[in-house]
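Structure first, commentary second.
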Amino acid sequence: MTTTENGHLLIKTDGQNPVSLPKTLDCGQAFRWRPLANDRWRPLANDRWRGIAGGRAVELEETAGGIVIFDTPQEETPFWRGYFDLDRDYTPIFKLGGENELLGEIFAAGRGIRLLNQAPFETICSFIISANNNIPRIKGIIERLCRLCGRHIGGDDYDFPTPEALCSLTVEDLAPIRAGFRAKYILDAARKAASGEVSPEALRSMSTEEARQLVMTIKGVGPKVADCALLFGAGHISCFPRDVWIKRAMETLFPEGLPEKTLPFAGIVQQYIFDYIRNLKNIN
DNA sequence: AGCCAGGGTCTGC
DNA sequence: GCAGACCATGGC
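Right under this line is the structure:
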């Protein structure tokens, strides 16, 4: 399903499952992507994006018929298809927009949003850092954390640290990343992951409730952070993280709760609602 | 200055 | 079980 041209990888998409890079990479589910033309307030569809995932630094562009991943071998196709959730067909989800007018409007407005399947330990830590924080600062803290103790990938790029690299550090060691009260929580996550007490990779194969209870034994992980970790980092798409934005959105848009048919993939619907409510805020 | 940001912990009832 | 104080930091 892919072709290479000049060492670049083309991940093909279609009209049923389109991908919007700005909507997918800049909607608060991942924190390591930035538009290269970042002098503008809001990213554009034709921006080139640079970021780190799967232990590699890459640049991406939207193109007619898919996403171009520059300087990337064809063997990485399965990883990137999985990362952009392209092995899942969203058609049954979008179909529910035909039964609910508001849902249909939200899906249309968010066309191209994909749920990103991210590394579980990185996702747990990223959303620990997200607590009572804003997205630009979350990105800054994560960037400084990677530079502090993440593997040097090359150039100016550093991977997200492993639990082992983190768990030998102290709160004082983490002072330079300016994570505030969250530093001790990051270390608790690293310690529990390194000891096997909470295996981030095992969360995927557990039941959603079981995984939720387990990940919440990490300090700094409550219901909302747990849902984000399970949704973005462990494939539990029924999780529905309730942050301040979603709470406000649900009060005005769905006071009776989500339509029942959407509940099995509520997490994906949640991303569309999050995008919808934040765009309303930006216009006003 | 005060409020808010993709919340959670801890205490006290 | 549930409200309220508190938590670091930075932008507006």
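The opening position of the first sequence corresponds to residue 0 in numbering that gives the first Met the number 0, with each subsequent residue numbered one higher. Virtual Cβ for every residue (Gly too), placed ideally from N, Cα, C. These numbers were taken from a predicted model, which means no experiment stands behind them.
Assigned exposure category for residue 163 - 16 Cβ within 10 Å defines buried: exposed
Beta-carbon proximity of residue 118 to residue 52, cut-off 9 Å: yes
Range of the contiguous alpha helix (DSSP H) that encloses residue 139: 134-148
Residue closest to residue 258, alpha-carbon to alpha-carbon, out of 213, 43 and 98: 98
Where the beta strand (DSSP E) containing residue 10 begins and where it ends: 7-11
For residue 31 and residue 151, the rounded distance between their alpha carbons: 15 Å
Cβ contact check for the segment 10-23 and the segment 89-103: 3 or more pairs under 8 Å: yes
Reference residue 112; option with closest CA among 184, 27, 69 and 95: 27
Member of 40, 64, 65 and 82 whose CA lies at the smallest distance from the CA of residue 50: 82
Start and end residues, alpha helix (DSSP H) containing residue 21: 20-24
Per-residue DSSP class, three states only, for residue 51: strand
Span separating the alpha-carbon of residue 185 from that of residue 175: 14 Å
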